[in-house]
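Residue numbers (this note's numbering), protein chains in the order written: chain A, 105 to 292; chain B, 17 to 292.
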């Protein structure tokens, strides 16, 4: 699960790191060390090569450091801001490279998602879902990926995508409905 | 429309593998130059530009070694020459004592002007045998280093012969800094690496050089020295002023960007040598 939920004490600490980094870029090291692994994995799952993940992660943190002066806590947690930058960087990479969108999914997450679509979990269904996911629209893929493959609550998905929680829910269930129909079509 | 690529149960890198990619120093450097830390395409391995660069680094490395070698060897050559001069003078003196046919030019022999302690021994009067001078000259100068350069070189030789363990290169986790440390040459484990940096290795804010504005423009230090801390593999850096005030803090050796790769290479080579 890639949920970025953190304890209150950690949140206070994070706030201090942000303030310090706004004054001195050298203090950004604490934030970097705390979030590096998570952001790296998040990016790694969305690209093909490890080297690409290294580059995009570096770019993500550079953007974060460059813009940290503009960050002010307005309901969106810092982690969501960081994930948003990471996602933008991944999207930019695909736009530049014009390559296929990549997604790494665990079988467990697939099973969880199948349960949401009322489908029976089986090897065949996993294959079918994989085929459906291959044809999913990039925006829909992003939502499904954050919600089911990263296991984020709707609130966090909404924070990262810059939409309301309700909107995230509505969109997700609409995509799931679309997928259900495709399942029926392939079964029929 | 392009299809998405779906990996099911893909092997993800471990925490340790991810840690290897962390390089806060490179990020800070990129931030400072406002440049992307990504490799530019022309810098990628195998491209002609990269090989030209490699050649350039190699040539400048060799040149640097020559220059360094010259400065290390030159003082000892100079001393040897002086020894030879003094010996010649001593022989002349002896010849004169024996009644040799050395013409008296009325000028003092060059040894008199030598400022070295050995040479400042009281000049023997003529017609007095001077075996003492010979004796003093016989003492090999290399045994007692006289100039600071000699002393450092001597000490380095001494410590290098003990082949201490060189620390495994690490990437900076905090804001790194570079310092010109006056006694760095006494630590072969530091001399083994090029382009190393330091980072604060303590936990307390009171010792953190960045938090105490130690490197601020208004903070002038006259000396900076380093001392290895026993057991921990870390160092203690002391900055001091002529008025006696000083600031000490624990520090760790770190490497950013390309320097890290080079240091890793050095470390691996050293490890291999140790294994042999």
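Yeah, the Cβ is synthetic: ideal placement off N, Cα and C, and Gly gets one too.
**Prompt:** Is the shortest distance between the beta-carbon of residue 46 of chain B and the beta-carbons of chain A less than 7 angstroms?
**Reply:** yes
**Message:** Distance cutoff 7 angstroms, beta carbons only. Does residue 158 of chain A sit that close to anything in chain B?
**Reply:** yes
**Message:** Counting only Cβ pairs nearer than 9 angstroms, list the residues of chain A close to residue 268 of chain B.
**Reply:** Correct list: empty, because the minimum Cβ distance to chain A is about 13 angstroms.
**Message:** Which residues in chain B have a C-beta closer than 7 angstroms to the C-beta of residue 275 of chain A? List them in chain order.
**Reply:** Simply none; closest approach about 18 angstroms.
**Backbone secondary structure at residue 138 of chain A - three-state DSSP** = helix
**Request:** Check distances from the C-beta atoms of the segment 192 to 208 of chain A to those of chain B and list, in chain order, the residues that come in under 7 angstroms.
**Result:** 204, 205, 206, 207, 208
**Asked** Can a CB atom of chain B be found closer than 7 angstroms to the CB of residue 137 of chain A?
**Response** yes
**Asked** Touch check for the segment 165 to 176 of chain A and the segment 126 to 140 of chain A: three-plus C-beta pairs under 8 angstroms?
**Response** yes
**Message:** Against chain B, does residue 165 of chain A count as a neighbour if the rule is that its beta carbon must be under 7 angstroms from one of theirs?
**Reply:** yes
**Request:** Out of B/231, B/75, B/33, B/258, point me to the one whose CA is closest to residue 194 of chain B's CA.
**Result:** B/231
**Request:** Would you please state the rounded distance, in angstroms, between the beta carbons of residue 235 of chain A and residue 151 of chain A? I believe it to be under 8 angstroms.
**Result:** So it is not a contact: roughly 21 angstroms between Cβ atoms.
**Prompt:** Within the 7 angstroms Cβ cut-off, does residue 57 of chain B reach chain A?
**Reply:** Note on residue 57 of chain B: pLDDT 44, under 50, position unreliable in the model; no value is reported.
**Interface positions of the segment 225 to 255 of chain A facing chain B (Cβ-Cβ less than 8 angstroms), listed along the chain** = 230, 234, 237, 238, 239, 240, 242, 245
**Request:** Could you tell me whether the Cβ of residue 226 of chain B comes closer than 7 angstroms to any Cβ of chain A?
**Result:** yes
**Prompt:** Roughly how many angstroms separate the alpha carbons of residue 227 of chain A and residue 215 of chain A, rounded to a whole number?
**Reply:** 10 angstroms
**Item:** Residue burial classification, residue 194 of chain A (beta-carbon count within 10 angstroms, cutoff 16)
**Value:** buried
**Message:** Below 6 angstroms, is the gap between the Cβ of residue 142 of chain A and the nearest heavy atom of the ligand FMN?
**Reply:** This structure lacks the ligand FMN; in fact it carries no ligand of any kind.
**Request:** Evaluate residue 245 of chain A with the Cβ neighbour count: other Cβ atoms within 10 Å of its Cβ, from every protein chain shown; 16 or more gives buried, anything less gives exposed.
**Result:** buried
**Item:** Span separating the alpha-carbon of residue 162 of chain A from that of residue 258 of chain B
**Value:** 43 angstroms
**Request:** In the DSSP assignment, find the unbroken beta strand (DSSP E) run with residue 214 of chain B in it and report its ends.
**Result:** 213 to 216
**Message:** Can you confirm whether residue 171 of chain A, when its beta carbon is compared against all beta carbons of chain B, has any partner nearer than 7 angstroms?
**Reply:** no
**Item:** For residue 255 of chain A, the nearest candidate out of A/200, A/188, A/209, A/168 (CA to CA)
**Value:** A/209
**Message:** Using only CA atoms, which one of B/190, B/240, B/37 lies nearest to residue 148 of chain A?
**Reply:** B/37
**Asked** What's the C-alpha gap between residue 252 of chain B and residue 30 of chain B?
**Response** 33 angstroms
**Request:** Could you name the residues of chain B that residue 298 of chain A contacts, counting a contact when the two beta carbons are closer than 8 angstroms?
**Result:** Missing from the structure shown is residue 298 of chain A; chain A here goes from 105 to 292 and no further.
**Message:** Less than 8 angstroms between C-beta atoms, sequence neighbours within five positions excluded: which residues of the same chain meet that for residue 247 of chain A?
**Reply:** 261, 265, 272, 275, 276, 279
**Message:** At the level of alpha carbons, what is the spacing between residue 90 of chain B and residue 81 of chain B?
**Reply:** 14 angstroms
**Between the CA atoms of residue 222 of chain B and residue 228 of chain B - distance to the nearest angstrom** = 7 angstroms
**Top-ranked residue by Cα proximity to residue 141 of chain A, from A/186, A/268, A/130** = A/186
**Request:** Give a yes or no on whether the minimum CB-CB distance between residue 140 of chain A and chain B is below 7 angstroms.
**Result:** yes
**Message:** On a Cα-Cα basis, can you pick out the residue from A/268, A/232, A/145 that is closest to residue 158 of chain A?
**Reply:** A/145
**Prompt:** Does the separation of the CB atoms of residue 268 of chain B and residue 208 of chain B fall below 7 angstroms?
**Reply:** no
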